[in-house]
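One structure is given here, and the rest of the page talks about it.
Numbering (full-length UniProt numbering), first residue to last: 1 to 272.
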């Protein structure tokens with residue numbers, strides 16, 4: 001009888017340990033994949049501030065934007081596309097630190113937030129839909145101030161690390177077409193911080209507006225370039241990725257979307 005009682009007690013102890021181990025495993029289950037964990041660095045162009053995002057295994061994201069700190073708690077993430085993930089928040093979490101610089105607003109709309117994990121970089125994403133509609137995760141919002149990427153393992157160091165040729169003697173109110181396009185692409189590449197691409201991987205179009213007399217320019221990805229093909233870009237498309245203009249003071253401005261969505265990004269001419 002003692003042997004039977006002892007054996008029964010041992011089985012109970014074993015089952016209790018298994019339950020505890022299972023419970024502990026569930027508590028420590030990783031929210032983020034290994035490739036996303038760690039600290040990422042970038043620069044928010046329309047805020048003119050550095051950004052740092054740290055993803056922890058347990059679902060905590062700590063974001064530093066300039067001197068401001070944010071903490072976001074993620075319950076789990078859902079894969080909604082190729083290398084594309086949507087956050088599901090812990091109740092009470094505010095998403096503002098996850099989409100620095102985004103200009104959002106409107107009535108009868110709701111938003112979802114997430115991240116694209118690229119080759120050595122990440123990109124914050126936002127989706128919008130009506131209050132009674134489903135999200136289309138293939139169509140994240142564009143031209144809302146989220147046209148930046150973050151890279152892993154090194155600070156962005158803003159403009160200081162970018163090799164550029166500045167010339168304060170250039171009259172930015174009277175630039176040639178080539179100077180306009182050189183200035184625009186230099187600023188774009190400087191803030192995109194993706195070493196896979198150079199200016200030959202983009203096309204720039206510039207023109208003088210008949211309405212306000214200002215010079216405008218757009219940048220499109222050249223999906224026919226070797227680097228874009230290697231990155232998996234769709235060769236049948238050439239998406240516009242940035243809008244610029246030179247204001248009446250000769251300053252370079254970049255569109256951040258929305259009404260009056262122009263931000264001065266440079267006052268001195270420079271090129272790559």
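Where is the CB? At the ideal position from N, CA and C, for every residue including glycine.
query	result
Where does the unbroken alpha helix (DSSP H) through residue 180 begin, and where does it stop?	177 to 192
Excluding sequence positions up to five away, which residues of its chain have a Cβ less than 6 Å from the Cβ of residue 51?	42, 44, 65 and 100
Less than 7 Å separating the Cβ of residue 191 from some heavy atom of the ligand FMN?	Among the ligands in the structure shown, none appear at all, so the ligand FMN cannot be discussed.
Thinking C-alpha only, which one of 38, 62 and 223 is nearest residue 276?	Because the chain spans 1 through 272 in this model, residue 276 falls outside it and cannot be assessed.
Can you tell me whether residue 123 is buried or exposed? The criterion is at least 16 other CB atoms within 10 Å of its CB, across all chains shown.	buried
Flag this pair as touching only if the stretch 115 to 122 and the stretch 79 to 99 have three or more C-beta atom pairs under 8 Å; answer yes or no.	yes
Let me know the secondary structure DSSP gives residue 98 once reduced to three states.	helix
Shortest alpha-carbon distance to residue 97 belongs to which of 129, 136 and 55?	55
In whole angstroms, what is the alpha-carbon distance linking residue 174 and residue 32?	50 Å
Tell me which same chain residues have a C-beta within less than 7 Å of the C-beta of residue 112, skipping the five on either side of it?	86, 127 and 135
Within the continuous alpha helix (DSSP H) that includes residue 242, where are the two ends?	Where residue 242 is concerned, there is no enclosing alpha helix (DSSP H), although the beta strand (DSSP E) it sits in stretches over 240 to 246.
Considering only DSSP beta bridges, list what residue 53 is partnered with.	40 and 63
Could you check what DSSP says for residue 152 in three-state terms: helix, strand or coil?	strand
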